[in-house]
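Going by full-length UniProt numbering, 230 is the number at position 230 of the sequence shown; the sequence numbering is gapless. Note that the Cβ used here is the ideal one computed from N, Cα and C, for glycine as well.
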Amino acid sequence: MSDSKTDPEEFDKFIDCLPERIVEAIEDPEIDARFIPVERMGKAPDAPNPKECNLSVEETRERIASGKNGGLYLGELLAAIDVDQDDKLTEIWPDAKKMLNEGLCTETRSNGHHLILQNEDIEKGTTYGNEDGEIAGLRTGWEQILVPGSYAFDPDDGISGLYTVFTEEPPMIAKKEDLPDELNPSNSTELEELDIDINDPNGIDPSEIAGFDGKTVADLRESDEKLDALCESLNPSRYSF
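#1: Pull up the distance between the alpha-carbon of glycine 141 and that of glycine 67, whole angstroms please.
#2: Residues in the same chain with beta-carbon distance under 6 Å from residue 304, minus the five sequence neighbours each way, listed in chain order, please.
#3: Around the C-beta of glycine 70, are 16 or more other C-beta atoms found within 10 angstroms, so that it is buried, or is it exposed?
#4: Just tell me which of Phe35, Lys124 and Gly137 has its CA closest to the CA of aspartate 59.
#5: Do you know how far the Cα of leucine 115 is from the Cα of asparagine 101?
#6: Is it the case that the Cβ atoms of glycine 112 and glutamate 169 are separated by a distance below 8 Å?
#7: Locate the alpha helix (DSSP H) running through methionine 99, then write down its first and last residues.
#8: Out of curiosity, what's the CA-to-CA distance linking glutamate 107 and alanine 218?
#9: Taking the straight line between their C-alpha atoms, what separation do you get for alanine 96 and arginine 139?
#10: Please determine if the region 147–160 and the region 2–16 are in contact, where contact requires at least 3 C-beta pairs separated by less than 8 Å.
#11: Using the DSSP secondary-structure output, state which residues sit across from cysteine 105 in a beta bridge.
#12: Which of the three DSSP states is assigned to serine 240 in this structure?
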C-alpha cells in the first residue's frame, strides 16, 4: 500500500458526480477531453506528448492510488472556472458562491475552487484579475486541471495540498451568455480585430492597453516598482511599456 498523500477515494467521488455519457466521452480517444498522467507532487504532465495520452478511469485511479497525480484536459466537452479569490469574484458575479455549492466543484491545494461545467458553446478561455493577481479564470479546450485525489506542491508559493471534491453534484451546463462580461471570451478583443501586428510594434502605445481591473500598463508600472524595473529591463526605452 502506498504511503502517499494522494487519495483515490476523492477521485471516485469526482467520477460518481459525472454523467455516464461524460465519462464515456472522456475515455473515447476520438474526443479531445481526456485524462492524462501528471507528475508526482506536481501539476505538469508526466508524458512527452500529453495530448496523445488517453487514460481510462481505472488507469487514472490506479495512478492516484500509487501516489502519482492525474489531470484532465477539458476539451470542447467541459469547461472549468478556476477561482482564486471567491469574495472578489462575487463583485462581478453575485451568484458565484451559490454556484460553487450547487454544481460539481473541486477544492484545490490552496483552498481555491474549480467549478466544473458541461460546455455548451464556450470556445476559449480567459482570465480576470486585479493588481493583487488572478481572481478567476475560464478554462476549456487544451487546458488542464488536476483531478481530485491528486496532491501537489508548488515551490513558487510553498503551498501543498490535496485536491478534493467540494460539492458532490452533477456539473451544471454553461453557455457564454451565462458568464459575467469579465469572464466571457466573446467580449475579449483579439489582436487581429485591432489590426495590430505583434511583430511590428511601431505605432503601438502599450500604455494605452487596458490591464487588470481597467488599469493600463502605465498605471500598473506606477504602482509596482518591481514591475516597472522589469519592464524597463525587457523593453527598449522608445516604447512606453
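Inspection of the coordinates gives the following:
#1: Here residue 141 refers to the residue found at position 141 when the sequence shown is read from its first residue. Here residue 67 refers to the residue found at position 67 when the sequence shown is read from its first residue. C-alpha of glycine 141 to C-alpha of glycine 67: approximately 27 Å in a straight line.
#2: Only positions 1 to 241 of the chain appear in this structure, which leaves residue 304 out of reach.
#3: On the sequence shown, position 70 is the one that residue 70 refers to. Counting Cβ neighbours within 10 Å, glycine 70 comes out buried, since at least 16 surround it.
#4: Against the sequence shown, residue 59 aligns to sequence position 59. The displayed chain sequence assigns glutamate, not aspartate, to residue 59. Between glutamate 59 and the set Phe35, Lys124 and Gly137, the nearest pair of CA atoms involves Phe35.
#5: The count along the sequence shown starts at 1 and reaches residue 101 at position 101. The count along the sequence shown starts at 1 and reaches residue 115 at position 115. Distance between the alpha carbons of asparagine 101 and leucine 115: 9 Å.
#6: For the purposes of this step, residue 112 is taken as the residue at position 112 of the sequence shown. For the purposes of this step, residue 169 is taken as the residue at position 169 of the sequence shown. Their beta carbons are not under 8 Å apart, which means glycine 112 does not touch glutamate 169 by this criterion.
#7: Position 99 of the sequence shown, counted from the first residue, corresponds to residue 99. Segment 96–100, the alpha helix (DSSP H) holding methionine 99.
#8: Reading the sequence shown from its first residue, position 107 is the one you call residue 107. Reading the sequence shown from its first residue, position 218 is the one you call residue 218. When rounded, the distance between both Cα atoms is 35 Å.
#9: As a position in the sequence shown, residue 96 is number 96, starting the count at 1. As a position in the sequence shown, residue 139 is number 139, starting the count at 1. Those two C-alpha atoms are separated by around 16 Å.
#10: yes
#11: Looking up residue 105 in the sequence shown gives position 105. Beta-bridge pairing links cysteine 105 to Leu115 and Thr167.
#12: Locating residue 240 in the sequence shown gives position 240, where the first residue counts as 1. With a pLDDT of 40 at serine 240, under the threshold of 50, the modelled position of that residue is not reliable, and the figure given next carries that caveat. In this structure, serine 240 counts as coil in the three-state DSSP scheme.
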